[in-house]
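Counting from 1, position 19 in the sequence shown corresponds to residue 76 in our numbering; the numbering is continuous, with no gaps.
Step one of this worksheet: look at the structure below.
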Amino acid sequence: MSQGLSHLRDEELSKESQESNWFSAPSALRVYGQYLNLDKDHNGMLSKEELSRYGTATLTSVFLDRVFQECLTYDGEMDYKTYLDFVLALENRKEPAALQYIFKLLDMENRGYLNVFSLNFFFRAIQEQMKLHGQEQVTFQDVKDEIYDMVKPKDPYKITLQDLVNSCQGDTVTSILIDLNGFWTYENREVLVASDNDGSSSMADLDDN
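Given below as structure tokens:
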């Protein structure tokens, strides 16, 4: 899984990406600190339950299942190197190599494309999380149409990795499918821009509504 990510660790990234990338000294310390905080049983490894608290703790269980199915683990737990690759991909979702990492997780049958079934499979987990938060349900049909409108794949029934890269919307599409906070941000993008709430609006607001 990590082969395509190697170039993200060098100087090919934009200045902005390098500054936010974990490979810089401050970012490396930040990521290592996160790893230690997630490792609640202090065994030097992360279980799926421990990893579920990553970031805003809103990655879906279905996506996390795929991470542990596809990425290198030891007795079902993730070591620090695998965690670095995971963070690198999620924090650089605009980069083709990072999208490739996530695409492989979404492409459950390794067919080289995502179809309506794939999208529905992952979005159902988002809908389940929305229900837990008491949020108004969003239909898959609406989300599916929006995704295809954003990506505009060459084949109207199949979304390839190259389609995601070419669309420049791959980061948004993957966020919609794997992360409730990412989906919430997308759904509320107009409100967030209008309010310009100093970046303080987030999934935390879900429980306030």
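For each residue, glycine too, the CB sits at the ideal point set by N, CA and C.
Only a predicted model underlies this, so the values are computations on that prediction, with no experimental measurement involved.
According to the DSSP secondary-structure assignment, residue 216 is paired through a beta bridge with 171. The region 146 to 154 makes no contact with the region 186 to 200, as fewer than three CB pairs between them are under 8 Å.
Under the three-state reduction of DSSP output, residue 129 falls in the coil class, being neither helix nor strand.
Per the DSSP secondary-structure output, residue 122 pairs with nothing in a beta bridge.
Inclusion of residue 163 and residue 127 in the CB contact set at 7 Å is not warranted, their separation being larger than that value. In the DSSP assignment, residue 238 falls within the unbroken alpha helix (DSSP H) covering 237 to 244. Listed as beta-bridge partners of residue 135 by DSSP are 103.
In this structure, residue 171 sits near residue 216, with a CB-CB distance shorter than 7 Å.
Pairing residue 135 with residue 103 gives a Cβ-Cβ distance under 7 Å. If you draw a straight line from the Cα of residue 238 to the Cα of residue 158, it comes to about 20 Å. The Cβ atoms of residue 144 and residue 88 lie closer than 7 Å to each other.
Listed in chain order, the non-local C-beta contacts of residue 182 below 6 Å within the same chain comprise 117 and 119, local neighbours out to five positions each way being set aside. Contact check for residue 160 against residue 177 fails: the beta carbons are separated by 7 Å or more. In this structure, residue 112 sits away from residue 156, with a CB-CB distance that is not shorter than 7 Å.
Distances from the alpha-carbon of residue 186 to those of 245, 236, 121 and 247 put 236 closest.
Counting the other Cβ atoms within 10 Å of the Cβ of residue 146 gives 16 or more, which makes it buried.
Residue 95 places its beta carbon 7 Å or farther from that of residue 109. A Cβ-Cβ distance of about 5 Å is found for the pair residue 125 and residue 105, placing them in contact under the 8 Å criterion. Taking the CA atoms as reference points, residue 213 sits about 36 Å from residue 130.
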